[in-house]
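There are 2 protein chains.
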Amino acid sequence: MPNAIAVLEKPLDGRANPEKRVRDRAGTERAILDAAKRLLAKEGFQGFGINAVARGAGCDKQLIYRYYGGLDGLVEAIGADLGGWVKERIPEDAGGMFLLTYGDLMERLIVLFIEALRDDPLMRKIVAWEISENTEQVRRLSEARAKALALWIDRMRGSLTAPKGVDAVAVNAVLIAAVQHMVLSSATSGQCAGLSLKSQKDWEKATVAVKRIVRGIYG
Amino acid sequence: MPNAIAVLEKPLDGRANPEKRVRDRAGTERAILDAAKRLLAKEGFQGFGINAVARGAGCDKQLIYRYYGGLDGLVEAIGADLGGWVKERIPEDAGGMFLLTYGDLMERLIVLFIEALRDDPLMRKIVAWEISENTEQVRRLSEARAKALALWIDRMRGSLTAPKGVDAVAVNAVLIAAVQHMVLSSATSGQCAGLSLKSQKDWEKATVAVKRIVRGIYG
DNA sequence: CCCGATTGTCACTGGGTGGTGATTAACAGG
DNA sequence: CCTGTTAATCACCACCCAGTGACAATCGGG
């Protein structure tokens, strides 16, 4: 098992050069937040604790208590950061496509969502955390994620609306659930329900299946 | 005064079953396995450890090492038990329905799967474990689960085959992923992707959506 | 200059964990 | 009745964790 500490550790021994980051509170806060995100993305919510974060940030855990009020505050800070996720990782336009129908929109949206989630370990770990625990910490994080997601969808949706007679909320929830589970399962075991999800080719097959489902519903 | 005997016969801690279990190896083994399953179902893979299981079984953890060779062996024993899951919880026939088409079959299958997973905490926790960790323990458990599931599906499938031109493996993987994620998300947070999943009515809406998706693909 | 406030480090407590060797209690065969 | 075997417990180890109080170092204002 790869040790979280070894991965994150800097050239330690604070005695040798303790002048790297002296009395720079803003810098230290950033280092802590970065370490927390890095640790969470790499190791997941298990092993995510004060000591590990402090070690990763190369500072004393006391500072985490002082600057963030403990793990809870730190998680909240991560949540606040999550708002910027959309801007960084997901295009705001449709990529030059013309989205004529609601089906076009959903197909494009789902594919983008698959790709975005597939190469964002932090998001994946958060999703995994969501379905494993229900603490106040997770709830906040989850909320921030949902908010960012909703914002992004709204931005793309424009004036398109779902066809009548279809419970779009329910159907879309099913689709999102499917994507999230497949990406998570793939990230941990490389497959999902008997379908291999390792190579890019595997994912293309999966994507085709999802597209087909979307078209089967929305035409 | 035979104080020692009196002490031993008393259910001195919170053991669930106060039946006297003196020098009853088979009984102790059963108690351990039961406690493990109960604990895993209730608390999930976090907090699932030697000490907790021993406490739940009302015996010394040493016995777990002796009889099961540690946690790994215990998990394996749980996996072996999982084979009986199908027989207990899922009907072997279609419930008096006539499954004329592959679409009929899949619709029925998915609905049964939703219901079965919804009221089996242990299975849910195992699924959650699967997408959160990738240790040898989990891999074994996961394998046992997949095997039991495949067996059950085969038993119902009969001679029906998917329509040509549809990648049934991929599509079904998407469907199963969706169901698993929705049930898990519901169990922890009572909703999934903005869709409330608390009441039975909520679940009926979700089920309708899933059925619609199935029919959209398989007709 | 001094002194208070801020930044950072250290050392410690109390509790939980996995794991192991030594010990006791009940039984069964001779 | 004694004795060896098995079931079960106890005592202990080293480690990791969260949390806290005390201390050292640095800066900045008066």
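Chains as they are written, first to last, in full-length UniProt numbering: chain Y, 1 to 219; chain V, 1 to 219. Beta carbons: idealized from backbone N, C-alpha and C, even for Gly. Keep in mind the model is a prediction, meaning the values are calculated, not measured.
Residues near residue i in its chain [Cβ-Cβ closer than 8 Å; skip 5 each side]
i	result
D34 (chain Y)	A57
V214 (chain Y)	G103, M106, E107, I110 and L175
G219 (chain Y)	T101, G103 and P163
N51 (chain Y)	K61
V166 (chain Y)	I217 and Y218
A148 (chain V)	L82, G83, W85 and V86
S196 (chain Y)	G190 and D202
T28 (chain Y)	R21, A57, C59, L63 and Y67
A150 (chain Y)	none
Interface flag, residue i vs chain V, CB-CB below 7 Å
i	result
I176 (chain Y)	yes
S189 (chain Y)	yes
R104 (chain Y)	In the sequence as displayed, the identity of residue 104 (chain Y) is Asp instead of Arg. Not closer than 7 Å to any Cβ of chain V, the Cβ of D104 (chain Y) fails to qualify, so no.
L195 (chain Y)	yes
I110 (chain Y)	no
K201 (chain Y)	no
K198 (chain Y)	no
V171 (chain Y)	yes
Q180 (chain Y)	yes
K205 (chain Y)	yes
V210 (chain Y)	yes
I114 (chain Y)	no
C192 (chain Y)	yes
Short CB-CB distance (under 7 Å) between residue i and chain Y
i	result
L184 (chain V)	yes
A162 (chain V)	no
L117 (chain V)	no
V75 (chain V)	no
D167 (chain V)	yes
V53 (chain V)	no
A128 (chain V)	yes
S132 (chain V)	yes
G158 (chain V)	no
I213 (chain V)	yes
I217 (chain V)	yes
Element boundaries [alpha helix (DSSP H), containing residue i]
i	result
P121 (chain V)	P121 to E130
L141 (chain Y)	E136 to R157
M97 (chain Y)	Neither: M97 (chain Y) is in no alpha helix (DSSP H) and is coded neither H nor E.
Q200 (chain V)	Q200 to Y218
K37 (chain V)	R25 to E43
Q62 (chain Y)	K61 to Y68
A52 (chain V)	I50 to A57
D81 (chain V)	L71 to L82
One or two residues paired with residue i in a DSSP bridge
i	result
C192 (chain Y)	Y:L195
CB-CB length for residue i against residue j, believed under 8 Å
i	j	result
Y102 (chain Y)	A170 (chain Y)	Actually they are not in contact, since the Cβ atoms of Y102 (chain Y) and A170 (chain Y) sit about 15 Å apart, beyond 8 Å.
T188 (chain Y)	N134 (chain V)	5 Å
G190 (chain V)	K201 (chain V)	In fact, because the Cβ distance is near 13 Å, the residues do not count as touching under 8 Å.
Q46 (chain Y)	Q137 (chain V)	The Cβ separation is near 13 Å, so there is no contact.
R155 (chain Y)	E92 (chain Y)	6 Å
A26 (chain V)	L74 (chain V)	About 16 Å separates the two Cβ atoms, so there is no contact after all.
H181 (chain Y)	I114 (chain V)	Their Cβ separation, rounded to whole angstroms, is 14 Å, which puts H181 (chain Y) and I114 (chain V) out of contact at 8 Å.
Y68 (chain V)	I126 (chain V)	No, Y68 (chain V) and I126 (chain V) are not in contact; Cβ-Cβ is about 18 Å, not under 8 Å.
A209 (chain Y)	L122 (chain Y)	Not a contact, Cβ separation roughly 27 Å.
Any non-hydrogen atom of the ligand GTP closer than 6 Å to residue i Cβ
i	result
Q62 (chain Y)	In the structure shown, the ligand GTP is absent, as is every other ligand, since no ligand is present at all.
Cβ shell of residue i (< 7 Å), same chain only, five flanking positions each side left out
i	result
R124 (chain V)	L117, V183, L184 and A187
A54 (chain V)	D60, K61 and I64
R15 (chain Y)	Annotation note: pLDDT 34 at R15 (chain Y) (below 50); position unreliable, no value reported.
L39 (chain V)	F48, A52, V53 and G56
Sequence-distant residues of its chain with Cβ nearer than 6 Å to residue i (five each side left out)
i	result
K211 (chain V)	E107
K205 (chain V)	none
G79 (chain V)	R140, L141 and A144
N17 (chain V)	Below a pLDDT of 50, predicted positions are generally treated as unreliable, and N17 (chain V), at 41, falls in that range; the measurement from the model is reported next regardless. If we look at N17 (chain V) and ignore the five residues flanking it on each side, it has no Cβ neighbours.
residue 249 (chain V)	With chain V covering only 1 through 219, there is no way to say anything about residue 249 (chain V).
L160 (chain Y)	Y102 and L105
W129 (chain V)	F45 and V138
A178 (chain V)	none
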